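Residue numbers (full-length UniProt numbering): 1 to 502.
Each residue gets a CB set at the ideal place from its N, CA and C atoms; glycine is no exception.
The structure presented is a predicted model; accordingly, all values stated were derived computationally and were not measured.
For reference, the structure discussed in these notes is given below.
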């Protein structure tokens, strides 16, 4: 046993070997049955024996032509020149030699035997070369050699009936060389199939071995004719059928491998398309958030450049720095907006709600927007403060777009283990029945403009934080109410933390 053969492969190899042994036994049995049937007195002494021989020869030529076509297809599918060289050998043997043997007289003269011998030698050479074709010749080299051999076979029809030519044609040397080469080619294909553990290749080689056995039978029995001997013709047809089966299986496996490769490529293309789509979505989301953030910062540089050193000035400066930090985080290339750490890291963070809202309100007021804040002191949320800031920024941008100049009120209050932040404007409100539809990606009011991303992004960000976002139309006075919830930190935990920090 090979030292490199691992235990899991041993049963597989044993099964594969036994199946190939079964192929050999089945093929040998079929050949024996065919030989017995065609050699029976009922067939040999029938009046149609010559016609039967011609039918077997023509059938062999047709099967060989089909095998040649499959070999060409296999060569193209596999990108392997060897089947193409085998195809050229089959074409020369089955499309030229066999039909010629059928229409030619049984007792060949010297010129015809010389021509047929040249064709056999060329086919044998192509078979041997198909095992390992010369790399520079590629897939077309076999066809060039076949064409050259065909021309030589035609030229041999003019061979003179002289002693040296008669010795080459009728002597044993060339005939033995053809038989040995043909047999060696068949055995080499079988060995190649076993080495590659390829069932189609081993069956292809087995069919070539049957052809070699048929040739050995013809020479060993000293038969003068080819198509006239039914046993030889039947064995030849059997061998070509086995070759056809092997090549058909080779093509079938090549097609299966090609479909599998195309499926894998399709999967890769689909994955790449999804990545591209997601990258496009992320770029659009970042662009949306940056526009909203920059809109909030617009028009306040003159306030920061003033020399007034007041509390409002300082709060505005802090708010601007916080907003710039949030925008810088978006530009930092996070895979997803608001994804500044794992879920466990975000859940472990705590932040005060009122300072986050106060900074955003300060930015809006600096632009002259009427925004009021009502926040209970001490409200502490769990998660990422940038997410809340981003969501409120999107909501305020929607207020500016759909209710320009209308007063906006922001309220923060506890709500059953969470913190609710309500953003209420005094605009037209939502269309009836659109409370959920507005959260779809790309859904927007054509008259008001916008990208249709803000609400969609906001709900996704809050869902990752364990929060929620709802919209509804309110009355007295009319307007739209957005209710944001974020997880709250237990008040007792906050008090303990404050005492420890003192």
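Check	Outcome
At least 3 beta-carbon pairs within less than 8 Å: the segment 409 to 421 vs the segment 478 to 487	yes
Within the segment 377 to 403, ranges of the alpha helix (DSSP H) (whole runs, at least 4 residues)	385 to 402
CB contact below 8 Å: residue 64 versus chain D	Of the chains in the structure shown, none is chain D; there is only one protein chain.
Any alpha helix (DSSP H) of 4 or more consecutive residues that is wholly inside the segment 160 to 197	163 to 170, 172 to 196
Bridge partner(s) assigned by DSSP for residue 469	484
Cut-off 6 Å between Cβ atoms - residues of its own chain near residue 413, not counting five sequence neighbours on either side	376, 420
Simplified DSSP assignment, three categories, for residue 23	helix
Rounded separation between residue 258 and residue 50 - CA only	46 Å
Cβ neighbours of residue 149 in the same chain (closer than 7 Å, five flanking residues each side left out)	92, 118, 119, 122
Residue 353 versus residue 273 - alpha carbon distance	40 Å
For residue 208 and residue 186, believed in contact at Cβ under 8 Å, the rounded distance	3 Å
Residue 417 and residue 488 closer than 8 Å at C-beta	yes
In DSSP terms, what residue 409 is bridged to	372, 424
Counted within 10 angstroms of its Cβ, other Cβ atoms place residue 158 as buried (16 or more) or exposed	exposed
Residue 383 versus 265, 26, 486, residue with shortest Cα-Cα distance	486
Closest residue to residue 239 among 367, 271, 268, 204 (Cα-Cα distance)	204
8 Å Cβ cutoff met for residue 27 and residue 250	no
Start and end residues, alpha helix (DSSP H) containing residue 354	353 to 366
Environment of residue 264 [buried if 16+ CB atoms lie within 10 Å]	exposed
C-beta atoms of residue 94 and residue 71 nearer than 8 Å	no
Inter-residue Cα distance where the pair is residue 219 and residue 230	14 Å
Per-residue burial, residue 6 [other beta carbons within 10 Å of its own, 16 or more giving buried]	Residue placement at residue 6 is flagged as unreliable, the pLDDT there being 49, under the threshold of 50; the coordinate-derived value follows with that caveat. Exposed.
Exposed unless 16 or more other CB atoms sit within 10 angstroms - verdict on residue 182	buried
Residues near residue 124 in its chain [Cβ-Cβ closer than 6 Å; skip 5 each side]	178, 181, 182
Check whether residue 63 and residue 237 have beta carbons under 8 Å apart	yes
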